Amino acid sequence: MAPTAGKGMPVDKGIDFQDQYSELGEYAHWLDTSVLLPIIVAISMLVLALLVWIIVRYRAAANPVASKVTHNTAIEVIWTLVPVLILVGVAVPSIDLLAKQYKPAPADAVTVKVTGYQWYWGYSYPDNGDFEVVSNMLDEAEAAKRGEPHQLAVDNRMVVPAGEPIRIITTASDVIHSFAVPSLWFKMDAVPGRSNEKMLTIKEPGVYYGQCSELCGARHGFMPIAVEALPRAKFDAWVRSQGGAVKGDELAAAAAPATVPAAAPAAATTTSAAQGAAAAAAAPAAAQ
Ligand SMILES: [Cu+2]
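Just so we're aligned, residue 647 is where the sequence shown starts under this note's numbering, counting upward by one.
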């Protein structure tokens, strides 16, 4: 699948968050731009106005006899209560968002295990025959040839079904990495010896780019992430093309030559379940 310009990627001169393609992302984006930002702006303007008023009205030249007032109960009650109410108002949607973000995925969700390596990503599909896709950044010429943004484009994407919950488990083989895709509001550290889990539902098919977001060494800036969400039938076909199986398939049947979806430049160098271990061992060599 070819990426859509401006979708799932940064845009020129963009200052806002990227457009969101998950429900949680839309919720979080709304919370930021429609709740937090207006409150922040209003408070900043109020404080600025008070400062200017005091500096002008109560400067020594205009106000030679200083006031001796030290207490005003009414004002003190107001400036305690109003901030408390604002914070409670902000806490309600914040905690709601937090709880939704860490809701476990349903039992039948597609599982993708994301492994960070120095300096590339591996995506394995434990429920689909446990094949692993190794994903390296494309060089500038190759990215241009494929019509993809350089330093975001990869040779083999992480392919997932659109419109259904995905269970993403992140881990790492060497140092801490972080799997982050801004347009899906998804960021999860990938820590050696530990698995972190979070659910993701992508609303529509598309290609969504991200980057490793934890400083992980010399080529940290060159391990981009490309997530390709496909309609269910195309995802199933892709899984079979990788030597994997979808529910109801038999692994043996999937070993037969499979149809490669037109959408998959991602189909080039991946491994079957049987070759998985050998490929994982050879993978560092493949990492440029
Ligand atoms: Cu990294």
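All residues carry an ideal CB built from backbone N, CA and C; glycine is no exception.
On a predicted model such as this, the values are computed, not experimentally measured, just so you know.
Quiz item: Taking DSSP as the reference, what is the three-state secondary structure of Lys-659?
Solution: coil
Quiz item: Quick check: the segment 700-716 against the segment 862-873, are there 3 or more CB pairs under 8 angstroms?
Solution: no
Self-check item: Selection from Leu-670, Val-853, Thr-757 that minimises the alpha carbon distance to Leu-743
Solution: Leu-670
Self-check item: From Tyr-667, Val-885, Thr-757, residue whose alpha carbon lies closest to that of Val-853
Solution: Tyr-667
Exercise. My understanding is that Val-800 touches Asn-782, with C-beta atoms under 8 angstroms, so please give their C-beta distance in whole angstroms.
Key: 6 angstroms
Quiz item: How about Val-805 and Trp-699: do their beta carbons lie closer than 8 angstroms?
Solution: no
Self-check item: CA-to-CA distance, Leu-696 to Val-873, given in whole angstroms
Solution: 49 angstroms
Practice problem: Confirm the yes/no value for this check: CB of Gly-856, any heavy atom of ligand 1, distance under 7 angstroms. | Solution: no
Self-check item: Under 8 angstroms between C-beta atoms of Val-681 and Pro-739
Solution: yes
Quiz item: Taking Cβ to Cβ, would you say Ala-826 is nearer than 8 angstroms to Gly-856?
Solution: yes
Quiz item: Given Phe-663, which residues of its chain have a CB within under 6 angstroms of its CB, disregarding the five upstream and five downstream residues?
Solution: His-675
Exercise. Taking only heavy atoms of ligand 1 into account, decide whether any of them is closer than 7 angstroms to the Cβ of Gly-768.
Key: no
Quiz prompt | Any non-hydrogen atom of ligand 1 within 7 angstroms of Met-869 CB | solution = yes
Quiz item: When burial is assigned at 16 or more other CB atoms within 10 Å of the CB, is Ser-829 buried or exposed?
Solution: buried
Quiz item: Hey, is Trp-676 close to ligand 1, as in C-beta under 7 angstroms from one of its heavy atoms?
Solution: no
Quiz item: Would you report the Cα separation of Ile-661 and Glu-850, rounded to the nearest angstrom?
Solution: 24 angstroms
Exercise. With DSSP collapsed to three states, give me the class of Thr-650.
Key: coil
Quiz item: Using a Cβ-Cβ cut-off of 6 angstroms (strictly less than) and excluding sequence neighbours within five positions of Thr-757, which residues of its own chain qualify?
Solution: Pro-772, Asp-773, Arg-813
Quiz item: Should Ala-651 go down as buried or exposed, given a rule of 16 or more other Cβ atoms within 10 Å for buried?
Solution: exposed
Quiz prompt | DSSP beta-bridge partners of Thr-816 | solution = Val-760, Asn-842
Quiz item: Expressed to the nearest angstrom, what Euclidean distance is found between the alpha-carbon atoms of Ile-732 and Ile-685?
Solution: 8 angstroms
Quiz item: If you measure from the CB of His-796, is any heavy atom of ligand 1 nearer than 7 angstroms?
Solution: no
Quiz item: Under the DSSP definition of a beta bridge, which residues are partnered with Leu-876?
Solution: Pro-807
Exercise. Determine the extent of the beta strand (DSSP E) in which Ala-836 is found, giving its start and end residues.
Key: 832-836
Quiz item: Should His-866 be counted as a contact of ligand 1 given a C-beta to heavy atom distance under 7 angstroms?
Solution: yes
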